[in-house]
Amino acid sequence: MNKTDNRMLEKLFFNMLPVQVLIFAMGSVNSIVDGVIAGQFIGPGAVGVVGLYYSMVNIYNATGSVLLGGTAVLCGRYMGRGDRKKTEGIFSLNLTLTFIIGVLLTFVCLVFRGPLAVLLGATEELKGDLVTYITGYALGILPMLLAQQIAAFLQLERRSVRGYIGVAGMIISNVSLDILFVSILKMGIWGLALATSFSNIVYFLILVPYYFTSKAQLHYSIRNALWSKALSLVKIGFPGALLVFCIAIRFTVINHILIACAGNDGISAMGAFNMIHGLIISYCLGNGAIIRMLVSVFMGEQDKTSIKKILHVVFTKALALACVLAVILVLISPGITRIFFADSTSNVYHLLHQLLIIYSFCMPLILICQIFTNYLQAMGHTRFVNFQSVFDGFFSMVLPALVLAPVMGALGVWLSNPIGIILTIMTVPLYCIIYWKRIPASYDEWLLFSPGFGADPEDCFAVTIHDTADVTLASAGVQDFCERHDIGKRSAYFSALCLEEMAVNVVKHGFMLDSRSHTLDIRAVYSAGNMMLRLRDDCIPFDPSEMAEIVKDSGSFENNGIRMVYNIADEVTYQNLLGMNVLTVKILERDLGAVESTDYLLETKLKEDDPGLHKIFKDTVFVVQSILNRYKLMFPEYTDHSIFHSLTVIDSCNRLIGEEQIDKLNTDEIFILLMGCYLHDVGMGISENDFLEFKDRLGEEEYFRTNPGASKSDFVRDRHNEFSGLFIEKYAGLFDLPTPEHTFAIKQVARGHRKTDLFDEKEYPAAFALPNGNSVCLPYLASLLRIADEIDVVATRNPILLYDIGSLTDNKQIAENKKLNAIKAMMMTKEAFVLTAHTDDSTVYEDLVRMADKMQKTLDLCRKVIAERTDFRLIQKKVILRKA
Numbered sequence: 043m044n045k046t047d048n049r050m051l052e053k054l055f056f057n058m059l060p061v062q063v064l065i066f067a068m069g070s071v072n073s074i075v076d077g078v079i080a081g082q083f084i085g086p087g088a089v090g091v092v093g094l095y096y097s098m099v100n101i102y103n104a105t106g107s108v109l110l111g112g113t114a115v116l117c118g119r120y121m122g123r124g125d126r127k128k129t130e131g132i133f134s135l136n137l138t139l140t141f142i143i144g145v146l147l148t149f150v151c152l153v154f155r156g157p158l159a160v161l162l163g164a165t166e167e168l169k170g171d172l173v174t175y176i177t178g179y180a181l182g183i184l185p186m187l188l189a190q191q192i193a194a195f196l197q198l199e200r201r202s203v204r205g206y207i208g209v210a211g212m213i214i215s216n217v218s219l220d221i222l223f224v225s226i227l228k229m230g231i232w233g234l235a236l237a238t239s240f241s242n243i244v245y246f247l248i249l250v251p252y253y254f255t256s257k258a259q260l261h262y263s264i265r266n267a268l269w270s271k272a273l274s275l276v277k278i279g280f281p282g283a284l285l286v287f288c289i290a291i292r293f294t295v296i297n298h299i300l301i302a303c304a305g306n307d308g309i310s311a312m313g314a315f316n317m318i319h320g321l322i323i324s325y326c327l328g329n330g331a332i333i334r335m336l337v338s339v340f341m342g343e344q345d346k347t348s349i350k351k352i353l354h355v356v357f358t359k360a361l362a363l364a365c366v367l368a369v370i371l372v373l374i375s376p377g378i379t380r381i382f383f384a385d386s387t388s389n390v391y392h393l394l395h396q397l398l399i400i401y402s403f404c405m406p407l408i409l410i411c412q413i414f415t416n417y418l419q420a421m422g423h424t425r426f427v428n429f430q431s432v433f434d435g436f437f438s439m440v441l442p443a444l445v446l447a448p449v450m451g452a453l454g455v456w457l458s459n460p461i462g463i464i465l466t467i468m469t470v471p472l473y474c475i476i477y478w479k480r481i482p483a484s485y486d487e488w489l490l491f492s493p494g495f496g497a498d499p500e501d502c503f504a505v506t507i508h509d510t511a512d513v514t515l516a517s518a519g520v521q522d523f524c525e526r527h528d529i530g531k532r533s534a535y536f537s538a539l540c541l542e543e544m545a546v547n548v549v550k551h552g553f554m555l556d557s558r559s560h561t562l563d564i565r566a567v568y569s570a571g572n573m574m575l576r577l578r579d580d581c582i583p584f585d586p587s588e589m590a591e592i593v594k595d596s597g598s599f600e601n602n603g604i605r606m607v608y609n610i611a612d613e614v615t616y617q618n619l620l621g622m623n624v625l626t627v628k629i630l631e632r633d634l635g636a637v638e639s640t641d642y643l644l645e646t647k648l649k650e651d652d653p654g655l656h657k658i659f660k661d662t663v664f665v666v667q668s669i670l671n672r673y674k675l676m677f678p679e680y681t682d683h684s685i686f687h688s689l690t691v692i693d694s695c696n697r698l699i700g701e702e703q704i705d706k707l708n709t710d711e712i713f714i715l716l717m718g719c720y721l722h723d724v725g726m727g728i729s730e731n732d733f734l735e736f737k738d739r740l741g742e743e744e745y746f747r748t749n750p751g752a753s754k755s756d757f758v759r760d761r762h763n764e765f766s767g768l769f770i771e772k773y774a775g776l777f778d779l780p781t782p783e784h785t786f787a788i789k790q791v792a793r794g795h796r797k798t799d800l801f802d803e804k805e806y807p808a809a810f811a812l813p814n815g816n817s818v819c820l821p822y823l824a825s826l827l828r829i830a831d832e833i834d835v836v837a838t839r840n841p842i843l844l845y846d847i848g849s850l851t852d853n854k855q856i857a858e859n860k861k862l863n864a865i866k867a868m869m870m871t872k873e874a875f876v877l878t879a880h881t882d883d884s885t886v887y888e889d890l891v892r893m894a895d896k897m898q899k900t901l902d903l904c905r906k907v908i909a910e911r912t913d914f915r916l917i918q919k920k921v922i923l924r925k926a
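The sequence shown begins at 43 in the working numbering and counts up by one.
In structure tokens, the structure reads:
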């Protein structure tokens, strides 16, 4: 089971590639249509005008890229946690920012169109037409930007078909209107611009109605916009758009160089090339996008083997395909040129054909450059990627062009393309040398793997799921993996349960939705004390409403493992990129213990109602964990009294209280109950100094006088609830308990888990007053703890001795652990506690009957206390012992 399908990566890569190429290629369709119509029906000058404006189109795309990039990351975080409210907050923030920016850009283009035309490099001959084109295009800027963003959100909501229909509507309307305005109505450059603007409006109008229907999961509200995340959104998205901004500036500078050395023909040739440029490099950009996504996933998983595998695929098969495409481009370049400029004897035809031939040989180099850039971005080398974006986007081509253009004319500008790409590629090995401050000594160093990067095989668990039968085996494997890495059994159990529940959801709701064969790849990585859980599948995109439903506080125990892990996870991220759903859960070392110390019902309510008390409680958890484990020093053979036992007690308290009664407890009562549960057995691990201080107050002399032959451990075990009470009283300051009254209440609840008289109104007042005005029902809280402690009798109470009873030497503990080993399960129903036991030893079974009778007496007592002294109720009436 501890393996993944190695062929899955290569299959996944080439399944994704056509989709990614199509995404990048579609962005060029409108430009190509405009260029063809301009060249065939208006003239070469019109192609030059569209080419000059291409720098502004890049700025619009870069602006949209900033917003999309930051939004995708933030929405991924909140969707992963099932936080629909914050996801909607980012949705509203994105659309509001897009609207503001769109209005500003439209204003600039309409008011400053003349200066803008000059800035873009227009000659006096082209300036008038460019001003006209800027004016017409400005009408569609706002709907274009909004449609880009909405299309991305539709993907998140699994409405990609509407997005495809929108793209088709945009293309069809653009072609139709171009023909109508330019060819039939002879509106010239003004008609060309209007057709593009109207097609952007059509695109927007096809997409936006969905968000006015009841089917929409995300809803816009300017009041719900998370303005506090605006800066983060821009910071996250900006690096990915920096290159596009630089290219926009580069085009402007190159246009000025071309005007000086090649005139309007050079501008027209470059303009036509810019229109098809996106289509030509879409293959390279698609490869780069896949590398960025997959490497970022593998990096988070510390999976350097998969990183090397995917790089091998792209540097062999993908690179070979790039060479084939380069040859094809050379062969069809005359036909492409004639689409824009029909006269093959013209200078502008010659210039464009020359540029296409030169650029064909750049395609393999562009692919290599894209691989390097996206790989380094995914690996977190942000500063270098930003430097490279500026260098590649501007200096690498502009500097050679400035040197060669005065000597070679337009050819010098064309040659600056391969020269610039080669210079950009050379910056990568140079950066590796600077990074290591020497020549890298291994392949891993050339890949910039840090010395500690990459989890050892024994620190990884990976399995591919094909059906539900694999899920159970995977869950058991994850639990075993966690336990082998000294992660608490509680953490291991919920980690395995979380993955099992998520995997079942994927298999049920993803695998069954179509006839395709699907796989689910599960991976767990333990590194430096931290745990990472990841699920990756190739099903349809995840529905944000499904995750919100899974993790919401419903009061049921369905999906309990998911909720338990989510409550303490440092980061939960969902991504749907390139056809894959990737859900990653990261739990830091400091929080792993919190699975051991977190309860779904009580702690969640405390955290929501009083974060201050919740912090005191969480801080106590870490302190108590080591103290509770000290019981083993005095009682090495005794049943478990560690934090694991305390957590089981809290689980039982949750279910005893139930959702029906949780709201009857005030915040202080919840805090006092949780603290009492965690501290009720600290007396079992009492230090020698504390023992010496407390023993006289607990009647040591009288105990040993009436129990001759008893040991110190017998005394501590018999009075450990009283030792716990004195410990709480002494160390109240250590736990930062709010008031002496809180200390007394916690002490009494902890003491009350055994022997104390719960009917004593002085010791256990039904309405114990606190300084803040709240009152605490001590009889109810102590009764809950007493019965919850009593029913923790399953075999896992002493897991170390489950299969080695013979290692015990204490006869009393031998008998006790034989009983525990025989109890295979304890199920709490609405009417009873049902113990399922299996033993062939009649003596052990008789002991079990006596134990069940004792539990019944404790239950009867607690029910009576609660019924007579409180407004609460305990609905379970029976303890049932059932043979397996």
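Yeah, the Cβ is synthetic: ideal placement off N, Cα and C, and Gly gets one too.
Would you decide whether residue i is buried or exposed? Buried here means 16 or more other CB atoms lie within 10 Å of its CB.
{"i": "I349", "result": "buried"}
{"i": "M574", "result": "buried"}
{"i": "L146", "result": "exposed"}
{"i": "S270", "result": "exposed"}
{"i": "A443", "result": "buried"}
{"i": "H261", "result": "exposed"}
{"i": "N814", "result": "exposed"}
{"i": "Y822", "result": "buried"}
{"i": "E910", "result": "exposed"}
Just the C-alpha distance for residue i and residue j, rounded to the nearest angstrom, thanks.
{"i": "E730", "j": "D902", "result": "37 angstroms"}
{"i": "E130", "j": "V286", "result": "28 angstroms"}
{"i": "P807", "j": "V818", "result": "8 angstroms"}
{"i": "S492", "j": "L409", "result": "25 angstroms"}
{"i": "A67", "j": "F426", "result": "28 angstroms"}
{"i": "Y401", "j": "N297", "result": "18 angstroms"}
{"i": "G182", "j": "G330", "result": "30 angstroms"}
{"i": "Q334", "j": "V691", "result": "Here residue 334 is Arg; the residue named in the question, Gln, does not match the sequence. Cα-Cα distance, rounded: 47 angstroms."}
{"i": "V520", "j": "F503", "result": "7 angstroms"}
{"i": "I464", "j": "P185", "result": "38 angstroms"}
{"i": "T140", "j": "G700", "result": "46 angstroms"}
{"i": "P482", "j": "V470", "result": "12 angstroms"}
Out of the options, state which residue places its alpha-carbon closest to the alpha-carbon of residue i.
{"i": "G170", "options": "A752, G230, L827", "result": "G230"}
{"i": "F403", "options": "E167, W456, G208, L139", "result": "W456"}
{"i": "V927", "options": "L776, M544, D580, A235", "result": "Residue 927 lies beyond the range of the chain shown here (43 to 926); nothing can be said about it."}
{"i": "A447", "options": "L373, I301, S484, M897", "result": "I301"}
{"i": "K53", "options": "A545, K351, F437, M870", "result": "K351"}
{"i": "S458", "options": "F659, L397, I507, A360", "result": "L397"}
Counting along the chain, where does the beta strand (DSSP E) carrying residue i start and finish?
{"i": "M574", "result": "572-579"}
{"i": "F503", "result": "502-507"}
{"i": "L489", "result": "No beta strand (DSSP E) contains L489, which DSSP labels as neither H nor E."}
{"i": "V876", "result": "874-879"}
Can you tell me whether residue i is helix, strand or coil according to DSSP?
{"i": "I481", "result": "coil"}
{"i": "N416", "result": "helix"}
{"i": "K657", "result": "helix"}
{"i": "E730", "result": "helix"}
{"i": "L181", "result": "coil"}
{"i": "S817", "result": "strand"}
{"i": "L168", "result": "helix"}
{"i": "H626", "result": "With the sequence shown as reference, residue 626 is identified as Thr, and His is not the correct amino acid for it. T626: strand per DSSP, three-state reduction."}
{"i": "E199", "result": "coil"}
Hey, quick one: how far does the alpha helix (DSSP H) through residue i stretch, first residue to last?
{"i": "K351", "result": "346-355"}
{"i": "Y568", "result": "From DSSP, Y568 is part of no alpha helix (DSSP H) but of the beta strand (DSSP E) over 562-569."}
{"i": "R793", "result": "782-793"}
Closer than 8 angstroms to a non-hydrogen atom of the ligand ADP - does that hold for the CB of residue i?
{"i": "Y720", "result": "With respect to small molecules bound, the structure shown includes none, and the ligand ADP cannot be examined in it."}
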